[in-house]
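S.K.:
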Amino acid sequence: MGRQASRGKGLWVNPLPWAVLAALITWLLTLWRHHPCQQTVAGEPVDAFMRLCYSDIPILYQNTALGTGGAPYREAALDQPPLTGLFVVLSRALADMVGADPTIGVSVQRLVDGSHVFFLAAAVLLFCCLLATVLSLLLMGRGSAARVTTGPRGRVRSWDALLVAAAPAVVTGGLVSWDLFAVALATAGLLAWALRRQLLAGVLLGLAAAAGTWPLLLLLALLLVCLRAGRVAVWARTAGMALGVWLLVLGIAVLAWTPAALGSAGAWHRRGPELGSVWFVLQELGVRIPLLSLLVAALMLSWCAWVASLVVRAPRRPRVGQVAFLLVAGWLLVNKGYSPQQVLWLLPLVPLARPVLSDWAVWAGAETLYCWAVWGHLGGLTTSGAGGDDVVYWGAIGLRVLVLAWLVAQVAHDVTKPWDDPVREPLVDDPIGGVLDHAPDTVGRPA
């Protein structure tokens, strides 16, 4: 599946209907998984950790002024980037249209009922984000070889989209929070770049950064490969547009709501070790980690320098998908926390970097095991006793980190030995490279 793209016609050889069907089935499973955690009676909360189906979405509606019509950030505390805050407001507006009634003075039972409607409204919008991600990956295709003879539009639909549509990560993390929104925008931005729509790519990546911040790493990935190809001027147009859109969204958020809308980004340096990270395990073992923010920043800068050296020293210019994956995976490995839903950041990048079914399955399996372990940890299901060490959860963190590090090593191997790259074939250079596809190198070792 990973190495082939459809060039025929007809239902059986067209990945589009199968990818959409797989996405629909996956999302229905996601809704089914979260159903036991929906509170229906006021005063009778559900232990979502014990049932392994926690979600921020209904809790946000019930426990903040969002459920009584309050504005995000100003009246309803919201730890999300500004554009995601707008997405939350859109979800509330949709819920209001179908009977959620987010008004001041609403009864507690109506608030609980409204949180369920709000959750379903958000689920509809997030499913649209999943579909957008799947379709973007499908349209990126493996059309590089066809482009040699048919031009930029000579692209084919890729079966790799099924690695997103049927991903267990969607079931385990798709409705935990709002991360799919930024993922959809970022993937659409990469599609625009692949189609040589640099300004549109800048708009979409700027919006993605305003919804999640981490997509800024995709701009860094584009910079590194553009430097090797001598196409920095092209990158500058995209980055300039992205920066302008990002600042525009931040400015509108401050004017419409409050400067607190920018607080989610500024609060990072005040946080300590969080769930899912190696730092959390070290803290649980009694290891004190001073100046953690500075240490994480230094490690990330070192990681970026390592990726940059790979790009320059590789025998052939690395593909955009490979560099993007390495940067985002690096941030997840060294960051203070690695939440269950953050696996969605890698959802489109793993197939773009290394679309090998066996590798994808190992990664997906480790992430699924971690998801069960983290909810078991928070629900007290995996501890050895009252106040005992949770070695099961620590082991799940270790397995997750080791598998992701192994996948990084696999991609780095493909970069340093491009003849082993599962994507590159005799006439294939970089299917999502856009202007970089089949472009000559001007920096580093010749391709």
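Residue numbers for the sequence shown follow our numbering, beginning at 801 and rising by one. For glycine and all other residues, C-beta sits at the position ideal for the given N, C-alpha and C. No experiment lies behind these values; they were computed from the predicted model shown.
1. Around the Cβ of glutamine 909, are there at least 16 other Cβ atoms within 10 angstroms (buried) or fewer (exposed)?
2. Would you identify the three-state DSSP class for alanine 876, choosing helix, strand or coil?
3. Does the contact criterion of 3 or more C-beta pairs under 8 Å hold for the region 987-1002 versus the region 1228-1242?
4. Whose CA, out of Val1201, Gln998, Ala1010, lies closest to the CA of phenylalanine 981?
5. Excluding the 5 residues flanking alanine 1108 on each side, which residues of the same chain have their C-beta closer than 7 Å to its C-beta?
6. What's the C-alpha gap between leucine 911 and alanine 1056?
7. Helix or strand or just coil, what does DSSP make of threonine 1242?
8. Based on Cα-Cα distance, which residue from Leu1091, Ile1232, Val1128 lies nearest to leucine 1020?
9. Buried or exposed for lysine 1217, please, with buried defined as at least 16 other CB atoms from any protein chain shown within 10 angstroms of its CB.
10. Going by CA-CA distance only, name the one from Trp1206, Asp1159, Gly1121, Trp1172 that's closest to leucine 941.
11. Quick one: Cα of alanine 819 to Cα of alanine 965, how far?
12. Can you have a look at proline 1246 and say buried or exposed, based on whether 16 or more other CB atoms are within 10 angstroms of its CB?
13. Excluding the 5 residues preceding and the 5 following tryptophan 1172 in the sequence, name in chain order all residues of the same chain whose CB lies nearer than 7 Å to its CB.
14. Taking the alpha carbon of valine 1078 as the point to measure from, which residue in Arg1113, Asn1135, Gly974 has its own alpha carbon closest?
15. Which ranges would you report for the alpha helix (DSSP H) in the region 1124-1170 if only whole runs of at least 4 residues count?
16. Tell me whether the beta-carbon of glycine 1195 lies closer than 8 Å to the beta-carbon of methionine 850.
17. When the Cα atoms are used, what is the spatial distance from tryptophan 999 to valine 1150?
18. Looking only at its own chain, which residues have a Cβ that is under 8 Å from the Cβ of threonine 1242, when we skip the five neighbours before and after it?
19. For leucine 1048, which of Leu1007, Leu930, Gly989 has the nearest alpha-carbon?
20. Would DSSP call proline 882 helix, strand or coil?
21. So, are the CB atoms of leucine 1126 and valine 1201 less than 8 Å apart?
22. Count the other CB atoms within 10 Å of the CB of aspartate 1229; is the residue buried (16 or more) or exposed (fewer)?
M.R.: The answer reads as follows:
1. Here glutamine 909 is exposed, its C-beta having fewer than 16 other C-beta atoms within 10 Å.
2. In the three-state reduction of the DSSP assignment, alanine 876 falls in the strand class, which pools E and B.
3. Yes, they touch.
4. Its Cα nearest to that of phenylalanine 981, the residue Ala1010 stands out among Val1201, Gln998, Ala1010.
5. Same-chain partners within the cutoff: Leu1024.
6. If you take the alpha carbons of leucine 911 and alanine 1056, they lie about 25 Å apart.
7. Coil, per DSSP.
8. The candidate whose alpha carbon is nearest that of leucine 1020 is Val1128.
9. Counting every other CB atom within 10 Å of its CB across the protein chains shown gives lysine 1217 a total below 16, marking it as exposed.
10. The sequence shown places glycine at residue 941, not leucine. Checking every option, the nearest Cα to that of glycine 941 belongs to Gly1121.
11. Note on geometry: alpha-carbon atoms of alanine 819 and alanine 965 lie some 6 Å from one another.
12. Here proline 1246 scores only 47 on pLDDT, less than 50, and its place in the model should not be relied on; the value that follows carries that caveat. So proline 1246 ends up on the exposed side.
13. Cβ within range, chain order: Leu852.
14. Looking from the CA of valine 1078, the closest CA among Arg1113, Asn1135, Gly974 belongs to Asn1135.
15. Within the region 1124-1170, the runs of alpha helix (DSSP H) that reach at least 4 residues and sit entirely inside it are, in chain order, 1149-1153.
16. No. Outside cutoff.
17. Note that residue 999 is leucine in the sequence shown here, rather than tryptophan. Cα to Cα, the separation comes out at about 25 Å.
18. Taking threonine 1242 as the centre and dropping the five residues before and after it, the same chain places the C-beta of Arg1028, Ala1029, Gly1030 closer than 8 Å to its C-beta, in chain order.
19. Here the closest residue by C-alpha is Leu1007.
20. The answer is helix: DSSP assigns proline 882 an H, G or I state.
21. Taking 8 Å as the Cβ cut-off, leucine 1126 and valine 1201 do not qualify as a contacting pair.
22. Buried, since its Cβ has 16 or more Cβ neighbours within 10 Å.
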